Each structure stands twice: as structure tokens, then as C-alpha cells.
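Structure first, commentary second.
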Amino acid sequence: MQLLNRINKGLLLCTSVLTLVVLQGCENAPKLDDSQLNAGKANIQAGLDISLFKDGAFILPPKIVDCETTARTKTTCYELKTSGAPAMREPGPFCPRNTSDGADVGGAWFDKSGSGDLIDITGEFIVNLSRYYDDPNWMLYDPKTNKIRYTDTKASCLGAAKPDVEEQYKQNCIECLMSYLDDDFSRTYLIPTTPIKAEEAQRVRTVGIALDGAELSGSAPVDAILGSYTIAAFDDCGGHINVHQGYHYHSTTGCTDTVTTDDGHAPLVGYAPDGYGIYAMEDALGKEESLDECRGSTDEVRGYHYHAASPSENMIIGCISGETVRSADEHAGPPPGADGRPPRDGRPPKAGKPPRD
Amino acid sequence: MLIKSRPFNIVYVAVASMFLMQTINTANAHSSSLNKIALEVCKQKERSQACQYNGGHNDLYIGTCQYISEHDLTCVRNQPIQKVESDKHSHNIEANQKKQDSQKDNKANKSK
Numbered sequence: 001m002q003l004l005n006r007i008n009k010g011l012l013l014c015t016s017v018l019t020l021v022v023l024q025g026c027e028n029a030p031k032l033d034d035s036q037l038n039a040g041k042a043n044i045q046a047g048l049d050i051s052l053f054k055d056g057a058f059i060l061p062p063k064i065v066d067c068e069t070t071a072r073t074k075t076t077c078y079e080l081k082t083s084g085a086p087a088m089r090e091p092g093p094f095c096p097r098n099t100s101d102g103a104d105v106g107g108a109w110f111d112k113s114g115s116g117d118l119i120d121i122t123g124e125f126i127v128n129l130s131r132y133y134d135d136p137n138w139m140l141y142d143p144k145t146n147k148i149r150y151t152d153t154k155a156s157c158l159g160a161a162k163p164d165v166e167e168q169y170k171q172n173c174i175e176c177l178m179s180y181l182d183d184d185f186s187r188t189y190l191i192p193t194t195p196i197k198a199e200e201a202q203r204v205r206t207v208g209i210a211l212d213g214a215e216l217s218g219s220a221p222v223d224a225i226l227g228s229y230t231i232a233a234f235d236d237c238g239g240h241i242n243v244h245q246g247y248h249y250h251s252t253t254g255c256t257d258t259v260t261t262d263d264g265h266a267p268l269v270g271y272a273p274d275g276y277g278i279y280a281m282e283d284a285l286g287k288e289e290s291l292d293e294c295r296g297s298t299d300e301v302r303g304y305h306y307h308a309a310s311p312s313e314n315m316i317i318g319c320i321s322g323e324t325v326r327s328a329d330e331h332a333g334p335p336p337g338a339d340g341r342p343p344r345d346g347r348p349p350k351a352g353k354p355p356r357d
Numbered sequence: 358m359l360i361k362s363r364p365f366n367i368v369y370v371a372v373a374s375m376f377l378m379q380t381i382n383t384a385n386a387h388s389s390s391l392n393k394i395a396l397e398v399c400k401q402k403e404r405s406q407a408c409q410y411n412g413g414h415n416d417l418y419i420g421t422c423q424y425i426s427e428h429d430l431t432c433v434r435n436q437p438i439q440k441v442e443s444d445k446h447s448h449n450i451e452a453n454q455k456k457q458d459s460q461k462d463n464k465a466n467k468s469k
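Going line by line, the protein sequences match chains A and B.
Using this note's numbering, the letters of the first sequence map in sequence onto residues 1 to 357.
Using this note's numbering, the letters of the second sequence map in sequence onto residues 358 to 469.
The following block contains the structure:
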């Protein structure tokens, strides 16, 4: 008992001394004057930092060119030319081949709850699509052979990955390969070297460019895709391929995340077409902050920047806050291809039965 | 007959009703894809107007309507996902909606 009392007294003394030291330390801590605060502001990471892109992200060295924004502001832009493929990795896998295949064979898709991580496209997921979407017409596999129907040729990729999915390609897991792209396929991005805040936010056409050089794309037209009884499979990084955009992301799952500061802020994912950075949704503690209507925020280190939404939300950012420059190959509106656009009459197919083969 | 007494009957019915209500609530959130719901809540709204919807698993998504294409608006979440107790859920949505709409109105009036 005496020993315990002594320990307690000792602890109390230590705590008191420590508190005094800390308080003294706080009092003596140098206070930042105005010039120091301004110096801090001068370090704001304004605009795109080429050095943060992965090796191989570009097929030509980035250059600075004169450009004019859609708001007719004359400025300079980075001209970034990419191959349409993510640097330093092979895209895929996308569609599983057999109903017994596990998560390692297939890719991922939006969780229908629209929150959190993507869900794995396993053989079991394909078998249970009818239950998952509460629609008995789903049948992406042959029950006799247990083989999963997927677009295994360039022709089927082109037939399925387009606005009005050809009848024979409905009821397919869609996957396209980089080899289906034209030999001279490339993407060019023109991004202001110094972001210019726009008077009014613009709608998202292209979300931006990821740090591996692949496109960050707008929302996938999920209702049109599902309405054709197709799954436009992503790989585990949240991207897929079409012949118009190459490999592009519809969600961010951490594959291009790059920690740029040691302040616990969310890692950088890529850049928006206005030059502002796009960061992951959560900070190092897993917290998400309140954002503006474009999913943007401002702090003294990064200046204005965006935060990506969660992988299954089918959007990366909500709108574009800065002025942008239309690149020659930029798509207006939701991209065609593997994303599929709504059928021209805007309605899902009437007969969703599987092909007879 | 296992259920004989009246108080027990009332409790049984109440519990069953609560379970049913919760099931219906969840079914609503799951009966169509989230994108449809996000589009639906912005159908009668204009750009930048407040919106919110149940994202499933009692997740409340709060944001504003933004153009997803030339003509279609969708609800873009800009607040951290909130977990809502299912029985309080519809009340909270209504209250939040009113609060956000009145804030918007106040802003609009001030700018005038």
C-alpha cells in the first residue's frame, strides 16, 4: 500500500513538472508575425507540379504553351500528351471468366448502395446479378457451361461499349483492351499553369488527369449500362478502357495516391483541367471535411483544391471551379465507349433476355 | 395459441410494424441504383440548390445539384456522409432540407 502511495505521489509530481514545462514551452514558442504568415502563403502549391507525375505518364516531355481559356483569358498552359494508358502498370483484370472465379480474376464495380468501396466482380457476383439488382432478366453467364459472357474481341468491345448497345452484346460483361486502340492513339491535355478561379463553376466534362497520366473521367451513365444488362467492369483501380479515351478512371481507389505533405492531409490523386489538385476523400485520420459545391476546399498549403468522392459514388468531383481550356480531343459530356451512353430514346431495353446462343 | 394477452398483442404488432417500416425504408434506398436517386432529387431543382438523399445503409448524403450533362442535374455530396437512425431518418431529411432551402433563400435575398 505504501509503495502504491509513493508511486502515485511520484506520478503526480512528474505530471505537474511536465505540465509546467509544456506551459512554459508554449509561452516561449515563437509567434508568427505577419511577414512569416505571408511567407507561408507564398508557399501555396499553386498549380500543377509536373514532378509529381509517375515516370512514363507522358509520351512527350510536357511543355508550356500559350493558351486561351473558355472564358477568353489569355494565359499559359501545360501541354501534356499521354498514351491513354496508366504509367507503370497493366490495366485489368476486368471480367471474370467462370462463375467459380474469385476476386483475383475479376475487377470491380459500383456498390449499388453508392457508398464506400467498389465491390469485387467475382463469378458469384455475376451469378447473383438478378438478386443484386432485383431484376430476373440478368443472365451474364451460360448456366450449362458456367462460362461468363464477356466482350472478348475488338468487335464485341465496340458493339457493347457504345451508346446504343447492339442487341447481340447485351447481357455481357464489357471489357476492352489497350490493343484495341488505334496505333497512333494519344490524349492531349491543356491545363493552365496557374489556376484561374472562374466567375461561375462549370459542369464537369473531363474530371482531369491522374498522376499516372490516365484520364479522370466524369460519371459513368450507370443506368444506361445496367439498362442494357451490361457491366462495364473496372479493374481494382476503378478504371476501364474504351477506344475513345483509352484507360480512364471513374473512381479513385488509391492507385495514384501520392502523399505530398507531412501535415496529414489527404494524398494527391491528380489534377483537374483548371489546374487545381484533386486529393483523396479522407485525410490520414480517415476524416472527411465539408466542401464547396464542386467538392473543393482551400487551405494555406494547397490553396484551392478538390477532394474526390468515395469510389462507389460515381463521381470524382462535382463541378469545375476554375477556368479551363478545351483540348482538341476533349469530349463534351459523358464519354462514349465502355461507359455507354443512354439509348437514344432514353429508355432501357424492353426485352432484356439473354441472347439465344 | 401462444399470443393470448392483449398487451402482448399490442407489443407484437408494434414490433412487427417497426420491422416492416424499417424494411420498407431500406427497400426504398435499394430498389434503384444510387445514380437514379441522386438524379431524382434534383429533378425539380436548379443548379446549386441544396439536395439530399439516403445513400443506403442509413447514409445521408447532403450536397447541391450540379449538372452531370447538358440538361441533367445530379446531387453532388459535399458534406461528410452522415449516419442516420432509421426512425429519425425521414424527419431529419425534411428538417435539413428546410434549413438548407431557407439558407439559400436568405442568401438570394441578401444578394438582391
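Yeah, the Cβ is synthetic: ideal placement off N, Cα and C, and Gly gets one too.
Predicted model, so just to flag it, every value in this text is computed and none were measured.
For the pair A/D117 and A/C95, the Cα-to-Cα distance works out to about 18 Å.
Straight across, the Cα-Cα distance linking A/H305 with A/D66 is about 24 Å.
In the structure shown, A/N172 adopts extended strand secondary structure according to DSSP, grouped into three states. DSSP, reduced to helix, strand and coil, places B/C432 within a strand of the structure shown. Among the residues of the region 154-187 of chain A, none has a Cβ less than 8 Å away from any Cβ of chain B. Contact between the region 141-148 of chain A and the region 199-210 of chain A is absent: fewer than 3 CB-CB pairs across the two stretches fall below 8 Å.
Not a single C-beta of chain A is nearer than 7 Å to the C-beta of B/Y410. Less than 7 Å divides the Cβ of A/A233 from the Cβ of A/G107. Of the residues assessed, A/R302 falls on the buried side of the cut-off, its CB having 16 or more other CB atoms within 10 angstroms. Excluding residues up to 5 positions away in sequence, T70 lie with their Cβ nearer than 7 Å to the Cβ of A/R326 in the same chain.
Considering only beta carbons, the part of the region 276-294 of chain A lying closer than 8 Å to chain B consists of K287, E288, E289, S290, L291, D292, E293 and C294, in chain order. For B/H414, the C-beta contacts it makes with chain A under 9 Å involve S113, S115 and G116, in order along the chain. Taking 7 Å as the cut-off between beta carbons, the residues of the region 393-408 of chain B near chain A are K393 and S405, in sequence order. With a contact defined as Cβ atoms closer than 8 Å, B/D416 and A/S312 miss out at about 11 Å. B/Q436 belongs to the set of residues whose beta carbon lies under 7 Å from a beta carbon in chain A. Under DSSP, A/C67 takes part in a beta bridge, and its partners are A/T75. The Cβ neighbour count for A/N128, taken over all protein chains shown within 10 Å, is under 16; the residue is labelled exposed. About 18 Å separates the CB atoms of A/A309 and B/R404; that is not less than 8 Å, and the two are not in contact. For a Cβ distance threshold of 7 Å, residue set V433 of chain B lies close to A/M315, ordered along the chain.
Not a single C-beta of chain B is nearer than 7 Å to the C-beta of A/S297.
By the CB criterion at 7 Å, A/T193 and A/T82 fall outside the cutoff. No Cβ of chain B is located within less than 7 Å of the beta carbon of A/R149. In the structure shown, A/C237 adopts coil according to DSSP, grouped into three states. Contact annotation: A/A280 and A/D257 have beta-carbon atoms nearer than 7 Å.
For B/C408, the enclosing beta strand (DSSP E) starts and ends at A407 to N411. Taking C-beta separations shorter than 7 Å and ignoring five residues to either side along the sequence, the partners of A/Y229 in its chain run N137, W138, K170, Q171 and G352, following chain order. A/Y276 is the residue among A/G92, A/Y276, A/D184 and A/S186 whose C-alpha sits nearest the C-alpha of A/T324. Following the DSSP letters along the chain, one finds A/A224 inside the alpha helix (DSSP H) bounded by residues V222 to G227. Contact between A/F185 and A/G246 holds: CB atoms are separated by about 6 Å, below the 8 Å threshold. Residues of the region 237-269 of chain A that bring their beta carbon within less than 9 Å of a beta carbon in chain B are absent altogether. If you draw a straight line from the Cα of A/G208 to the Cα of A/I320, it comes to about 10 Å. In the structure shown, the three-state DSSP call for A/I59 is coil. In the structure shown, the three-state DSSP call for A/C157 is helix. The C-beta of B/I425 comes closer than 7 Å to at least one C-beta of chain A.
For B/I394, same chain residues with a beta-carbon under 6 Å away, outside a window of 5 residues either side, are Y410 in chain order.
In chain order, Y276, Y304, H305, Y306, H307, I317 and S321 place their CB closer than 8 Å to the CB of A/G296, counting only its own chain and leaving out the 5 sequence neighbours on each side.
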